[in-house]
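Reviewing the structure listed below.
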Amino acid sequence: MLSRRTFLAASAAAPLVFSRRADARAANDKLTLGFIGVGTMGRGHLGGFLGRGDVQVVAVSDVVKERTDSAKQTIEKRYAEQIKSGVYKGVKTYPDFRDLIADKGIDAVVIATPDHWHAIPAVLAARAGKHIYCEKPLTQNLADGRWIVNEVAKAKVVFQTGSQQRSEFGGHFRKAVEYVWNGRIGKLKTVRIGVGAAARPCDLKGEEKPAGTDWDMWLGPAPEREYSSVLCPKGVHGHFPAWRDYQEYAGGQLADMGAHHFDIAQWAMGTDTSGPVEVLPPEKKSDRGLRFVYASGVVVVHNEFEKGKDGREIKADCVFEGTEGTILVSRGGISSLPDTILKEPIGEKEKRAYPSTDHKKNWLECVRSGKETICPAETGHRSASICHLGNIGYRLKRKLKWDPAKELFVGDEAANKELSREPRTKWKI
2 MLSRRTFLAA
12 SAAAPLVFSR
22 RADARAANDK
32 LTLGFIGVGT
42 MGRGHLGGFL
52 GRGDVQVVAV
62 SDVVKERTDS
72 AKQTIEKRYA
82 EQIKSGVYKG
92 VKTYPDFRDL
102 IADKGIDAVV
112 IATPDHWHAI
122 PAVLAARAGK
132 HIYCEKPLTQ
142 NLADGRWIVN
152 EVAKAKVVFQ
162 TGSQQRSEFG
172 GHFRKAVEYV
182 WNGRIGKLKT
192 VRIGVGAAAR
202 PCDLKGEEKP
212 AGTDWDMWLG
222 PAPEREYSSV
232 LCPKGVHGHF
242 PAWRDYQEYA
252 GGQLADMGAH
262 HFDIAQWAMG
272 TDTSGPVEVL
282 PPEKKSDRGL
292 RFVYASGVVV
302 VHNEFEKGKD
312 GREIKADCVF
322 EGTEGTILVS
332 RGGISSLPDT
342 ILKEPIGEKE
352 KRAYPSTDHK
362 KNWLECVRSG
372 KETICPAETG
382 HRSASICHLG
392 NIGYRLKRKL
402 KWDPAKELFV
412 GDEAANKELS
422 REPRTKWKI
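For the sequence shown, the working numbering assigns the number 430 to the last residue and increments by one with no breaks.
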C-alpha cells in the first residue's frame with residue numbers, strides 16, 4: 002500500500018490520462034466504485050448505487066470508524082449471494098481516502114464529504130484516472146472550483162456534480178427551463194431564488210473527541226480547531242450536520258440549497274460557463290435581498306419576493322419573471338402566472354434540455370460512452386461560484402464588479418483575496 006507522502010508525490014508526477022480500466026472494459030462489465038464519505042448523504046448515494054446491477058461498490062472511506070463499519074455491513078449484506086458464490090470478495094475500508102484512490106481495482110469514486118473536503122479528493126482522483134461523482138456545492142471557495150475543472154479536463158475523466166434537479170424531481174425544473182428558453186414568459190427580467198442565509202464564522206465550543214473519529218483528518222485543509230459534534234456528529238447519524246452553516250467548511254444555506262437553485266437559474270439563463278457582472282448587497286443590513294446582475298440585464302435575487310394582491314409573497318425555489326408572465330418551480334411542482342402559460346406543451350422543434358431523468362444513471366452512461374454529463378465540473382463550478390460571490394457580497398457589504406471570464410473582481414484586491422483560502426500546511430498539494 003502506498004504511503005500518503007509517496008502517493009501525493011506519485012500523483013503529482015504521473016501522466017494525466019483517461020482511466021484505462023474503465024475505458025477498456027466491455028459494455029456489460031460492472032464498474033467498480035469507491036465511496037469517500039459515508040455520512041447521511043453518502044449513505045443515501047450508497048443505497049442508490051447498490052440498487053444498480055451495472056456497478057459494484059468495493060471500497061469505502063470515512064473519518065469515523067463506525068460509519069465505515071456500518072457501510073461495509075450494508076454493502077456485504079446486499080451482496081451476500083455474490084459473496085457466497087465467490088463472485089464478490091468483500092469491501093475494503095480505508096481510514097484515509099488517499100489509499101482508496103490509490104487502489105487500482107477502483108474505476109470511479111463518489112465523493113460525499115463536507116464541502117471543504119471536495120477539492121483535494123476530486124483532484125487526486127482525477128490524477129489517478131478515476132471517474133468522479135461529487136456532491137454540490139462543488140467547493141468551499143471559488144479558486145478550488147477552477148482547480149477541479151482544470152484537473153478533470155487534463156485527466157479526461159467523466160465528472161458529474163450532484164445537482165440532481167437537472168435530472169430528477171418529476172422534471173419540473175427541466176420544464177421550467179424549457180419554457181423560459183422558448184420565450185413562453187416573454188423576455189426574462191428577474192430570477193428569484195428561495196434559499197436561506199449566508200455562511201457565518203464558526204464559534205462553536207470545543208468538546209472531547211470520541212474514540213474512532215479522526216478529527217484532524219475531518220478538518221483537513223480547514224483551520225485547526227477543537228472537535229465539535231455539531232460539525233462531525235458521533236458515530237452513525239441520521240441528520241444533515243450543521244457544518245453547512247459555517248464559512249470555514251461551507252457556504253451557509255445560501256450555498257447548500259442555493260447550489261441547487263442557482264444552478265437552475267444559470268441553466269435557464271444559458272450561463273453555465275459564465276456568471277454575473279455585478280454583485281449588489283442589500284442597501285440595509287439584511288441576510289436577504291442580495292442581487293446578481295448579468296450582462297444580459299437579467300437580475301437574480303437572493304430570497305426576496307414580490308407580494309401578490311393578498312399580501313403574501315409569490316414564492317418558490319425558483320421564480321422566473323418575464324415581460325409576459327411568471328413561472329414558479331419547486332421540487333414539489335410547477336405553476337405559472339397566468340396559468341395559461343403551461344397549458345401549451347413544448348413542441349418537438351422547440352429548444353429542449355439535455356435528456357436525463359436519473360442523475361446517477363446519466364453519470365454511469367457517460368463513463369461508458371465518454372460523453373459529457375448533464376452537470377460536468379465546469380457547470381458545477383459556475384453554479385457554486387454564484388454562492389461564493391453571494392457570500393463575499395454579504396461579508397463585504399459593498400458593490401462588486403465581477404469578470405466572469407477572468408474569474409476576478411474588477412479593481413478590488415481586497416475582494417479578490419476572498420476567492421481562495423490557504424490550506425493547512427500538511428494539505429498543500
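Heads up, the beta-carbon is just placed ideally off N, CA and C, and yes, glycines get one too.
Thinking C-beta only, is residue j closer than 9 Å to residue i?
i	j	result
VAL61	ILE76	yes
ASP257	CYS376	no
GLU272	GLY187	Sequence inspection shows Thr at residue 272; the Glu mentioned does not correspond to that position. No, Cβ-Cβ distance for THR272 and GLY187 is not below 9 Å.
ALA123	ILE112	yes
ALA416	VAL150	no
HIS117	GLU249	yes
ARG193	VAL302	yes
LEU139	ALA260	yes
PRO277	LEU390	yes
GLU209	ARG353	no
GLN141	ALA120	yes
LEU143	ALA385	yes
LYS93	VAL56	no
In three-state terms, what does DSSP make of residue i?
i	result
ASP246	helix
ARG201	strand
LYS190	strand
ALA60	strand
VAL294	strand
TYR95	strand
ALA123	helix
TYR134	strand
VAL368	helix
THR324	coil
ALA28	Only weak support is given to the placement of ALA28: the predicted model assigns it a pLDDT of 42, under 50, and the question is left unresolved by the model.
LYS402	strand
ILE342	helix
VAL181	helix
SER337	strand
LYS418	helix
PHE174	helix
HIS303	strand
GLN161	strand
THR426	helix
LYS308	strand
THR1	The structure shown does not extend to residue 1, since the chain is modelled only from 2 through 430, so no value can be given for it.
GLU373	coil
ILE265	helix
SER384	helix
GLY146	helix
THR114	coil
Can you say whether residue i is buried or exposed, counting buried as having 16 or more other CB atoms within 10 angstroms of its CB?
i	result
ILE430	exposed
HIS46	buried
ARG245	buried
GLU349	exposed
ARG6	With a pLDDT of only 38 at ARG6, under 50, the local geometry of the prediction cannot be trusted, and the value read off the model is given with reservation. Looking at its Cβ environment, which holds fewer than 16 other Cβ atoms inside 10 Å, ARG6 is exposed.
PHE50	buried
SER331	buried
ALA27	With a pLDDT of only 42 at ALA27, under the threshold of 50, the placement of this residue in the model should not be trusted; the figure read from the coordinates follows. Per the 10 Å Cβ criterion, exposed.
PHE174	buried
ASN183	exposed
HIS360	buried
ARG68	buried
GLN74	exposed
PRO222	buried
ALA266	buried
Could you tell me how far apart the beta carbons of residue i and residue j are, in whole angstroms, since I believe they sit closer than 8 Å?
i	j	result
LEU291	TYR395	6 Å
ALA72	PHE98	Incorrect: roughly 13 Å between the Cβ atoms, too far for contact.
ASN363	SER168	6 Å
TRP133	ALA103	Rather than Trp, the amino acid found at residue 133 in this sequence is Ile. The pair is not a contact, with the Cβ atoms about 15 Å apart (cut-off 8 Å).
GLN254	GLY195	Wrong, their Cβ atoms sit about 11 Å apart, outside the cutoff.
GLY252	CYS388	5 Å
Does the distance between the C-beta of residue i and the nearest non-hydrogen atom of the ligand GDP fall short of 8 Å?
i	result
GLN248	Among the components modelled here there is no ligand, and therefore nothing to report on the ligand GDP.
Item to check | contact_flag[the segment 278 to 293, the segment 159 to 171] where n(CB pairs < 8 Å) is 3 or more | outcome: The answer is no - the segment 159 to 171 does not touch the segment 278 to 293, with fewer than three Cβ pairs under 8 Å.
Next on the checklist: Whether or not the segment 172 to 189 and the segment 312 to 329 are in contact is what I'm after, with contact meaning three or more pairs of Cβ atoms, one per stretch, closer than 8 Å; do they touch?
Outcome noted: Yes, the segment 312 to 329 touches the segment 172 to 189.
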